[in-house]
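Take a look at the structure below.
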Amino acid sequence: MPSQGIDRATRLVLIVDDVPENLSVLHDALDESGYSVLAALNGESALIRARQSLPDIILLDAAMPGMDGFEVASLLKADLATSHIPIIFMTGITEPEHIVAAFKAGGTDYVSKPVRTSEVIARIASHLQSARKTTQARSALDAFGQATMSVIPETGRVTWQTPLARDLLARYFNIRIDLVPPIVRNWLRTSIACLRSQPGTPLQPLKVIHASSRVIFSLHSQSADDEWLLVLSEENDKKSSEQ
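In the UniProt record's numbering, the protein residues as written are 1 to 243.
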């Protein structure tokens with residue numbers, strides 16, 4: 001019987017493993033716990049299924065022939081449509097370098113093989129609960145028309161953005177919409193370093209001027225282990241003079 005606290009009726013889990021027996025065991029355990037389950041036997045199929053179905057969470061085998069789990073995770077995280085999906089790696093290698101590689105590729109968590117289904121189910125429930133709270137907060141920002149985005153400072157990759165933030169980036173910068181421009185990335189890194197070395201110090205926003213208007217970037221908060229939330233606003237000299 002599913003545990004209380006999470007509505008699992010619409011929760012979709014994608015399991016990726018090149019060993020059919022592993023897929024079968026996990027599929028049955030998750031199905032009995034009230035989840036809907038999709039399965040993929042290799043990295044290529046995993047990418048297709050993830051992009052088509054947008055699962056709520058992914059269980060991903062790290063070591064697979066051909067495209068391994070690290071490459072799959074990196075490609076999913078680089079795609080705005082799938083970057084928000086939590087990924088739990090399944091790995092039989094627990095060397096520190098292997099675990100670090102899993103998190104660098106975008107993993108949210110990992111479990112050691114052979115997996116214990118009770119542990120997997122508990123971790124899925126925990127991460128889905130966190131993901132649901134994040135989704136609710138982001139939906140509220142969307143609804144109120146806030147220009148907000150979540151960025152990974154190390155790479156400058158945008159993991160999530162509201163429509164208004166996407167529009168401002170498109171109008172002010174000739175860039176890919178999944179990356180902030182270097183000026184924003186450098187300012188973000190400097191601001192975070194200042195915040196960590198001198199807590200409580202007021203941070204200066206970044207102003208980027210274009211003709212008679214400007215877009216202003218403000219550092220809001222840390223939204224995840226490696227992600228920071230930015231708030232954007234726009235000022236227009238003509239509108240200001242008319243007020």
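Glycine is no exception: its CB is placed at the ideal position from the N, C-alpha and C atoms.
The alpha helix (DSSP H) runs lying completely inside the stretch 159-218 and spanning 4 residues or more are 163-172, 182-197, given in chain order.
Straight-line spacing of the CA atoms in Met149 and Asp18 works out to 35 Å.
Just measuring C-alpha positions, the residue of Ile124, Gly66, Arg51 sitting nearest Asp79 is Arg51.
Taking 8 Å as the upper bound for CB-CB distance, Val37 and Val13 are in contact here, some 5 Å apart. Between the C-alpha atoms of Leu41 and Pro20 there is a straight-line separation of about 7 Å. Secondary structure at Asn42: coil, using DSSP grouped into helix, strand and coil. Under the DSSP assignment, Val111 falls in the beta strand (DSSP E) whose first and last residues are 109-112. The way I'd put it, the stretch 192-204 does touch the stretch 214-233; three or more beta-carbon pairs between them come closer than 8 Å.
For the pair of segments examined, the stretch 63-74 was found not to touch the stretch 147-163: the number of CB pairs separated by less than 8 Å stays below three.
Close CB contacts of Gly107 within its chain, under the 8 Å cut and outside five residues either way in sequence, are with Leu60, Ala73, Ile87, Ile88, Phe89 (chain order). Between the beta-carbon of Thr117 and that of Ala63 there is about 20 Å, and that puts the pair past the 8 Å contact cut. In the DSSP annotation of this structure, Leu80 is not part of any beta strand (DSSP E), being labelled neither H nor E.
For Glu227, the enclosing beta strand (DSSP E) has its first and last residue at 227-236. Val100 is classed as exposed because its beta carbon has fewer than 16 other beta carbons within 10 Å across all chains shown. One thing to note: Val115 has its Cβ within 9 Å of the Cβ of Asn22. Pro182 has its alpha-carbon roughly 16 Å from the corresponding atom of His210.
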